[in-house]
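S.K.: Protein chains in written order, with the working numbering: chain R, 8 to 196; chain W, 8 to 196; chain V, 8 to 196; chain Z, 8 to 196. Think of the CB as a built atom: it goes at the ideal place given N, C-alpha and C, for glycine as much as any other residue. Source: prediction; values computed, not measured. Can you read through this structure? Questions will come right after.
Number of protein chains: 4
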Amino acid sequence: MTSIRPDAALRRAQLLDAADAVFGEHGITAPLDLVVERAAVGRATLYRNFPDRASLIGALLERTVAQLQSHLLELGNREDAFFEVIDAMAARIVHSPAMADYWRAVDQDSPPVRDARQRVLQLIEPALLRAKAAGLCRADLQLSDVTLISSMLGAALRGRTREERSVLATRALELLRPGLSPQRARAVP
Amino acid sequence: MTSIRPDAALRRAQLLDAADAVFGEHGITAPLDLVVERAAVGRATLYRNFPDRASLIGALLERTVAQLQSHLLELGNREDAFFEVIDAMAARIVHSPAMADYWRAVDQDSPPVRDARQRVLQLIEPALLRAKAAGLCRADLQLSDVTLISSMLGAALRGRTREERSVLATRALELLRPGLSPQRARAVP
Amino acid sequence: MTSIRPDAALRRAQLLDAADAVFGEHGITAPLDLVVERAAVGRATLYRNFPDRASLIGALLERTVAQLQSHLLELGNREDAFFEVIDAMAARIVHSPAMADYWRAVDQDSPPVRDARQRVLQLIEPALLRAKAAGLCRADLQLSDVTLISSMLGAALRGRTREERSVLATRALELLRPGLSPQRARAVP
Amino acid sequence: MTSIRPDAALRRAQLLDAADAVFGEHGITAPLDLVVERAAVGRATLYRNFPDRASLIGALLERTVAQLQSHLLELGNREDAFFEVIDAMAARIVHSPAMADYWRAVDQDSPPVRDARQRVLQLIEPALLRAKAAGLCRADLQLSDVTLISSMLGAALRGRTREERSVLATRALELLRPGLSPQRARAVP
DNA sequence: AATGAATGAGGGTTCATTCAT
DNA sequence: GATGAATGAACCCTCATTCAT
Chain R
8 MTSIRPDAAL
18 RRAQLLDAAD
28 AVFGEHGITA
38 PLDLVVERAA
48 VGRATLYRNF
58 PDRASLIGAL
68 LERTVAQLQS
78 HLLELGNRED
88 AFFEVIDAMA
98 ARIVHSPAMA
108 DYWRAVDQDS
118 PPVRDARQRV
128 LQLIEPALLR
138 AKAAGLCRAD
148 LQLSDVTLIS
158 SMLGAALRGR
168 TREERSVLAT
178 RALELLRPGL
188 SPQRARAVP
Chain W
8 MTSIRPDAAL
18 RRAQLLDAAD
28 AVFGEHGITA
38 PLDLVVERAA
48 VGRATLYRNF
58 PDRASLIGAL
68 LERTVAQLQS
78 HLLELGNRED
88 AFFEVIDAMA
98 ARIVHSPAMA
108 DYWRAVDQDS
118 PPVRDARQRV
128 LQLIEPALLR
138 AKAAGLCRAD
148 LQLSDVTLIS
158 SMLGAALRGR
168 TREERSVLAT
178 RALELLRPGL
188 SPQRARAVP
Chain V
8 MTSIRPDAAL
18 RRAQLLDAAD
28 AVFGEHGITA
38 PLDLVVERAA
48 VGRATLYRNF
58 PDRASLIGAL
68 LERTVAQLQS
78 HLLELGNRED
88 AFFEVIDAMA
98 ARIVHSPAMA
108 DYWRAVDQDS
118 PPVRDARQRV
128 LQLIEPALLR
138 AKAAGLCRAD
148 LQLSDVTLIS
158 SMLGAALRGR
168 TREERSVLAT
178 RALELLRPGL
188 SPQRARAVP
Chain Z
8 MTSIRPDAAL
18 RRAQLLDAAD
28 AVFGEHGITA
38 PLDLVVERAA
48 VGRATLYRNF
58 PDRASLIGAL
68 LERTVAQLQS
78 HLLELGNRED
88 AFFEVIDAMA
98 ARIVHSPAMA
108 DYWRAVDQDS
118 PPVRDARQRV
128 LQLIEPALLR
138 AKAAGLCRAD
148 LQLSDVTLIS
158 SMLGAALRGR
168 TREERSVLAT
178 RALELLRPGL
188 SPQRARAVP
């Protein structure tokens, strides 16, 4: 039994990094040739590792899920973990602006995408419940709102330089935060 | 000399309607063939009226600008005109879900798109100023925030059925509205 | 109303001729690029006229069916029309050596191929019945044998020069003819 | 020095069996990956044993030649050995339907194929001469006709299930046999 | 002025073959 | 010696755009 090729794992990582960068610059419909070129890898290598675009995106999502998981582990039972996650999400999108597109990816949600989304929401749920219990967020906040917020952030940041993205993300969070907090009764208009 | 101008105008309108529908369904990168087919028009006719994709999108934006202008005219000097415009913007996106994409369209902002955006912001500015003066919106709200909000709404709504879009738009506005209102001092976290 | 483009029909014919030649030389799995090149035509022109390989082959079959039909018309009610058809089939294969492959074409018989085959057999049936009635051919000869004979002739001739094909076809017919004639009782071996 | 030759021989046989099966199903242009997969062997192993497709096919032919040789040995000096060989050829093609393709293989006859064909014809020649001498077959039958018949049988059986092949082969032989027997003088047409 | 046929560049994918482990 | 990961050439096909009718 041979050991599981360390170079294969390297290639995979190279490809994922390249894909993340390319998708960030040109959107998730970017030519896969760009990914191949950036990874400095043969064309078929991409296709063996990721038979189609969806599976490539799926793998990128899996990486994100793993990162989220370890982040949540770090945060432990903190009451404000939910908001930390939102901030981290924004930071992640600033870093990797195609991120948000991954979640609604590739014509009508392929299975790997659906699975990853499911898992993310499951991971976030306890944090959301704790925040609600602590009265830190509005009472009617839903898991589905997290998806919505992610989409909104992602779209806002598309096609910008990294610095612009950072500025815009900060502002977007400023505009969104009050809407996540507990709501006073509002006067009728 | 024949005077058949209305004919040409009709073709243009047909093409724009078709483009709006097709872009709404398939995104603004949809094959222009689909537009041609839906407009039931010869292929070159599209290209005579709109030499490239950007000018087609520019024309769609112009239509929106014109609608916005007449809407604002209707609203007159009402203090809440700004919020009416935001709602109208959301409604317009629900109806025509590619709308938001138009604003950041086609690889790094083409001139017709840039122009149209400029004009929209100029139209909205007075309403924003009035809302600020009346204390109806947060003091630091900028014109650039309108672009941001538009992006955020648009992204939330892509690729859904009309009903889903309507539900999501309502929710997105619920989340965004508190952030647009005047802000209390917030306790330090 | 414009007249129905004469040049379009020309292109179609050019393409069919080119396809016949190329398939004859390299088999029916030859790269379609060769067809395009030989027809001196843009690549997409091929694809508009014939969306896929099967439809190209289908069209080639249709041409053959039409030729067969007019040939049979010429022959009228002659008792030996069946053998004339067999000879013509061989001649046709000599001229266009991919012909036989067309009949069992492209992974498990596509609909256009199936249709064309059906029509050919229907056309030949009367001639076969007349030959049987006149005692010119063996009593148990079936329509399906025609397909079989066509396959056998075709295979014998692939990838040869025209002259070699002609010699081989003559020989193949010499070997096959006695088997098509009425059979004497054979002594048990 | 280790003496692990049987191991290598086993691999070779595995590969040949796999190739025969795959070529039978998908034709002799089938992806060699399928052969590798079916043989459950590393990819480079195929290439070490058989540097290219032609040499793989050549090896398959050699196997057939060997079988033919031992079959002829069994038959001894029987006068009808020639017809036994024809029947065996048909049976072999029914079993391994790519067989006939092997003989005219891979773009204009590669050397290993040419060699194998040569040897087969040499093996068959005595049987043919005996049959002729005994008046069992037509006087003008040539060695080259054997090639022709093999092609014809092979083509007739391509792309069919085993059962269909068996039925078709029987029929094809029925049609061909009279043409191989001594010919009466034929009335002028 | 309007049509739709023609074009060719480029994307996705497969596969024979080589090379590092 | 054996493995399977990596390579790149080549194929099929789509689509924005031009041009003959």
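#1: Any contact of the segment 103-110 of chain R with the segment 15-30 of chain R, i.e. 3+ C-beta pairs under 8 Å?
#2: Using only the alpha-carbon positions, how far apart do residue 158(V) and residue 88(V) sit?
#3: Classify residue 1(R): buried if its beta carbon has 16 or more other beta carbons within 10 angstroms, exposed otherwise.
#4: Within 8 Å of any Cβ in chain R, is that where the Cβ of residue 83(W) sits?
#5: Would residue 160(W) pass as a contact of residue 97(W) if the rule is Cβ separation under 8 Å?
#6: So residue 163(V) contacts chain Z; which residues on that side make the cut at Cβ distance below 8 Å?
#7: Under 8 Å between beta-carbons, which chain Z residues line up against residue 181(V)? List them in chain order, please.
#8: Answer yes or no: does any C-beta atom of chain V fall closer than 8 Å to that of residue 175(Z)?
#9: What does residue 152(Z) reach in chain V if we use C-beta pairs closer than 8 Å?
#10: Measure from the alpha carbon of residue 145(W) to the alpha carbon of each residue in 19(R), 79(R), 183(R) and 120(R), then state which is nearest.
#11: Could you have a look at residue 174(W) and say whether DSSP puts it in helix, strand or coil?
#12: Name the chain W residues that come within less than 7 Å of residue 190(R), Cβ to Cβ?
#13: Using the beta-carbon of each residue, which ones in chain V are nearer than 9 Å to residue 168(Z)?
#14: Please state if the CB of residue 20(R) and the CB of residue 155(W) are separated by a distance shorter than 8 Å.
#15: To the nearest angstrom, how far is it from the Cα of residue 141(W) to the Cα of residue 133(W)?
#16: Check whether the Cβ of residue 52(V) lies closer than 8 Å to any Cβ atom in chain Z.
#17: What span of residues does the alpha helix (DSSP H) with residue 107(R) cover, start to end?
#18: Using the C-alpha atoms, what's the distance from residue 93(Z) back to residue 138(Z)?
#19: For the putative contact between residue 46(R) and residue 25(R), defined by C-beta atoms under 8 Å, what is the C-beta separation to the nearest angstrom?
#20: Using a C-beta to C-beta distance shorter than 8 Å, which residues of chain R count as neighbours of residue 36(W)?
#21: Just verifying my parser: in three-state terms, what is the DSSP assignment at residue 47(R)?
#22: Does the distance from the CB of residue 143(V) to the CB of residue 86(V) come in under 8 Å?
#23: Buried or exposed: residue 68(Z), going by 16 or more other Cβ atoms within 10 Å of its Cβ?
#24: Mapping DSSP to helix, strand and coil, what is residue 84(R)?
#25: Which same chain residues end up closer than 8 Å to residue 16(Z) when comparing Cβ atoms and leaving out the 5 residues on each side of it in sequence?
#26: Taking 8 Å as the cut-off, decide whether the C-beta atoms of residue 148(V) and residue 128(V) are in contact.
#27: Report buried or exposed for residue 179(V), applying the criterion of at least 16 other Cβ atoms within 10 angstroms of its Cβ.
#28: Report the option in 123(W), 54(W), 57(W) and 130(W) whose CA atom is closest to the CA atom of residue 84(W).
#29: Are the beta-carbon atoms belonging to residue 42(V) and residue 18(V) less than 8 Å from one another?
#30: By DSSP, does residue 146(R) sit in helix, in strand, or in coil?
#31: Considering only residues of the same chain and omitting the five flanking positions on each side of residue 37(V), which have a CB-CB separation below 8 Å?
M.R.: Quick answer:
#1: A contact exists between the segment 103-110 of chain R and the segment 15-30 of chain R.
#2: Your numbering for residue 158(V) matches position 151 in the third sequence. Your numbering for residue 88(V) matches position 81 in the third sequence. Each residue's alpha carbon lies about 20 Å from the other.
#3: Beyond the ends of chain R as shown, which are 8 and 196, falls residue 1(R); an answer cannot be given.
#4: Taking the first residue of the second sequence as 1, we reach residue 83(W) at position 76. Not closer than 8 Å to any Cβ of chain R, the Cβ of residue 83(W) fails to qualify, so no.
#5: On the second sequence, position 153 is the one that residue 160(W) refers to. On the second sequence, position 90 is the one that residue 97(W) refers to. The Cβ-Cβ distance between residue 160(W) and residue 97(W) falls below 8 Å.
#6: Mapped onto the third sequence, residue 163(V) falls at position 156. The contacting residues are 155, 158, 159 and 162.
#7: Locating residue 181(V) in the third sequence gives position 174, counting from the first residue. Chain Z residues near residue 181(V): 186.
#8: Counting from one through the fourth sequence, the residue named residue 175(Z) turns up at place 168. Judged by the 8 Å Cβ criterion, residue 175(Z) is in contact with chain V.
#9: Counting from 1 along the fourth sequence, the entry for residue 152(Z) is found at position 145. Per Cβ cutoff of 8 Å: 178 and 182.
#10: Indexing the second sequence from 1 puts residue 145(W) at position 138. Ranked by how close their Cα comes to the Cα of residue 145(W), the residues 19(R), 79(R), 183(R) and 120(R) have 183(R) in first place.
#11: In the second sequence, residue 174(W) corresponds to position 167, counting from 1. Reduced to three states, the DSSP call for residue 174(W) is helix.
#12: Residue mapping note: residue 190(R) aligns to position 183 of the first sequence, counting from 1. Near residue 190(R) (Cβ distances below 7 Å), the residues of chain W are 185.
#13: One-based indexing of the fourth sequence puts residue 168(Z) at position 161. Those do not exist, as residue 168(Z) stays about 11 Å from chain V at its closest Cβ, beyond 9 Å.
#14: As a working mapping, residue 155(W) is identified with position 148 in the second sequence. As a working mapping, residue 20(R) is identified with position 13 in the first sequence. A distance of 8 Å or more separates the beta carbons of residue 155(W) and residue 20(R).
#15: Position 134 of the second sequence, counted from the first residue, corresponds to residue 141(W). Position 126 of the second sequence, counted from the first residue, corresponds to residue 133(W). Distance between the alpha carbons of residue 141(W) and residue 133(W): 12 Å.
#16: By 1-based counting over the third sequence, the position of residue 52(V) is 45. For residue 52(V), the answer is no, since every Cβ of chain Z falls outside 8 Å of its Cβ.
#17: If you number the first sequence from 1, residue 107(R) lands on position 100. Start and end: 106-110.
#18: Within the fourth sequence, numbered from 1, the residue matching residue 138(Z) stands at position 131. Within the fourth sequence, numbered from 1, the residue matching residue 93(Z) stands at position 86. A straight line joining the alpha-carbon of residue 138(Z) with that of residue 93(Z) spans about 12 Å.
#19: Taking the first residue of the first sequence as position 1, residue 46(R) is located at position 39. Taking the first residue of the first sequence as position 1, residue 25(R) is located at position 18. For a cut-off of 8 Å, the C-beta gap from residue 46(R) to residue 25(R) is around 4 Å, short enough to register as a contact.
#20: The sequence position of residue 36(W) within the second sequence is 29, counting from 1. Contact annotation for residue 36(W) against chain R: 36 [CB-CB distance below 8 Å, chain order].
#21: Here residue 47(R) refers to the residue found at position 40 when the first sequence is read from its first residue. Judged by DSSP in its simplified three-state form, residue 47(R) adopts coil rather than helix or strand.
#22: On the third sequence, position 136 is the one that residue 143(V) refers to. On the third sequence, position 79 is the one that residue 86(V) refers to. Against a cut-off of 8 Å, the Cβ pair of residue 86(V) and residue 143(V) comes out as a contact.
#23: As a position in the fourth sequence, residue 68(Z) is number 61, starting the count at 1. Looking at its Cβ environment, which holds 16 or more other Cβ atoms inside 10 Å, residue 68(Z) is buried.
#24: In the first sequence, counting from the first residue as 1, residue 84(R) sits at position 77. Correct three-state label for residue 84(R): coil.
#25: Numbered from 1 along the fourth sequence, position 9 holds the residue referred to as residue 16(Z). For residue 16(Z), where only same-chain residues beyond five positions count, there are no Cβ hits under 8 Å.
#26: Position 141 of the third sequence, counted from the start, is the residue given in the question as residue 148(V). Position 121 of the third sequence, counted from the start, is the residue given in the question as residue 128(V). Contact annotation: residue 148(V) and residue 128(V) have beta-carbon atoms that are not nearer than 8 Å.
#27: Along the third sequence, read from residue 1 onward, the residue named residue 179(V) stands at position 172. Flag for residue 179(V) reads buried.
#28: Locating residue 84(W) in the second sequence gives position 77, where the first residue counts as 1. Out of 123(W), 54(W), 57(W) and 130(W), 130(W) has the C-alpha closest to the C-alpha of residue 84(W).
#29: In the third sequence, residue 42(V) corresponds to position 35, counting from 1. In the third sequence, residue 18(V) corresponds to position 11, counting from 1. No.
#30: Sequence index remark: in the first sequence, residue 146(R) carries index 139 (1-based). When secondary structure is reduced to three states using DSSP, residue 146(R) falls in the coil class, being assigned neither helix nor strand.
#31: The residue you call residue 37(V) lines up with position 30 of the third sequence. The residues are 29 and 30.
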